[in-house]
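Counting from 1 along the sequence shown, just add 529 to a position and that's the residue number in my numbering. Built from N, CA and C at the ideal position, the CB exists for glycine as well. Given the structure is predicted, the values throughout are model-derived calculations rather than measurements.
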Amino acid sequence: MFIFVKRLAMINDVRNTVLSIISKDNRGYITPEEFNLFAKQAQLEIFEQYIYSYSNSIVKQNARMFGDGYTDVPKNIGEVIDEFSVLGSLSYSVPYFSPPVDYYYLERVMYNNIEVEKVSQRKISALLNSNLTAPDVSYPVYTLQETGLIVYPTTIVNNITTQYIRYPKDPVWTYSSFTAGQPVFNPSNAFYQDFELPLSDFAGLVVKILQYAGVSIREMEVVQAAKSEEIQDSQQKQ
């Protein structure tokens with residue numbers, strides 16, 4: 530069974546590992562602002578890979594392409610994605626319902642606990658022109674456009690909720706002061722935000738941040754730097 534494990538202040542450990550690798554052989558330096566920008570892109574890239582991998586694993590599972598011991602691959606990936614599944618209400622401004630600002634994918638749209646079916650622009654015309662299939666409050670439908678959702682019948686102007694997958698929050702490494710010219714980590718800052726990915730993505734985040742910084746890196750260097758960081762952190766806590 531997959532367990533979603535997070536590491537306390539993982540963003541600080543990731544940054545220390547990144548800086549440790551960069552400082553090796555005088556490869557340069559990443560400012561806190563640059564790190565936060567690269568961290569945001571790295572987290573988003575890994576998050577979107579989870580979405581892609583989940584869809585791909587479902588197809589493979591249905592085709593019975595997984596061998597023994599791998600039958601829970603979709604479930605394992607799905608448990609990570611579930612961490613980003615939330616409920617939200619949609620606000621209305623004629624003629625659209627606006628989706629939440631942080632939504633990535635709408636899983637379900639509900640009206641008074643009735644599921645609203647998503648239909649294409651091509652299909653909605655046919656539905657509206659038929660007395661037999663025209664949507665009503667017992668069988669509502671919606672179309673998704675760039676500006677928002679249009680719910681049919683258009684007499685529905687409230688009580689629309691959704692279960693959706695949100696984007697991960699932008700990671701922000703914050704500091705409060707400088708020591709020997711180096712910023713000092715401050716997780717108490719109001720703008721602080723840790724990574725929202727599981728601990729298993731630690732190495733992947735480091736590698737991608739270094740890639741965004743233009744540093745050529747092998748994963749073994751990440752592992753070695755991470756172990757060194759863990760030893761140092763352990764010694765400081767003793």
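Residue state for Pro561 is assigned as helix, using DSSP reduced to three classes.
Taking the C-beta atoms as reference points, Leu573 is found nearer than 9 Å to Tyr696.
Judged by beta-carbon spacing, Thr676 lies beyond the 9 Å limit of Gly617, meaning their Cβ atoms are not closer than that value.
Only residues of its own chain outside the window of five on either side were considered, and among them Pro716, Asp723 have a CB closer than 7 Å to the CB of Ala538, listed in chain order.
Per DSSP, Gly733 is not a residue of any beta strand (DSSP E); the alpha helix (DSSP H) it occupies stretches across 731–741.
For Ser627, the enclosing beta strand (DSSP E) stretches over residues 625–627.
Partner residues in the beta bridge of Asp665, as assigned by DSSP, are Tyr668. Ile694 sits close to Glu636, with the two beta carbons spaced by under 9 Å.
In the three-state reduction of the DSSP assignment, Ile694 falls in the strand class, which pools E and B.
DSSP places Gln722 in no alpha helix (DSSP H); its state is neither H nor E. Exclusion of the five residues before and after Asn718 leaves Thr703 as the residues of its chain whose Cβ lies within less than 6 Å of its Cβ.
Judged by their CB atoms, Val638 and Leu657 are not nearer to each other than the 9 Å cut-off.
Of the other Cβ atoms in all chains shown, fewer than 16 fall within 10 Å of the Cβ of Arg651; this residue is therefore exposed.
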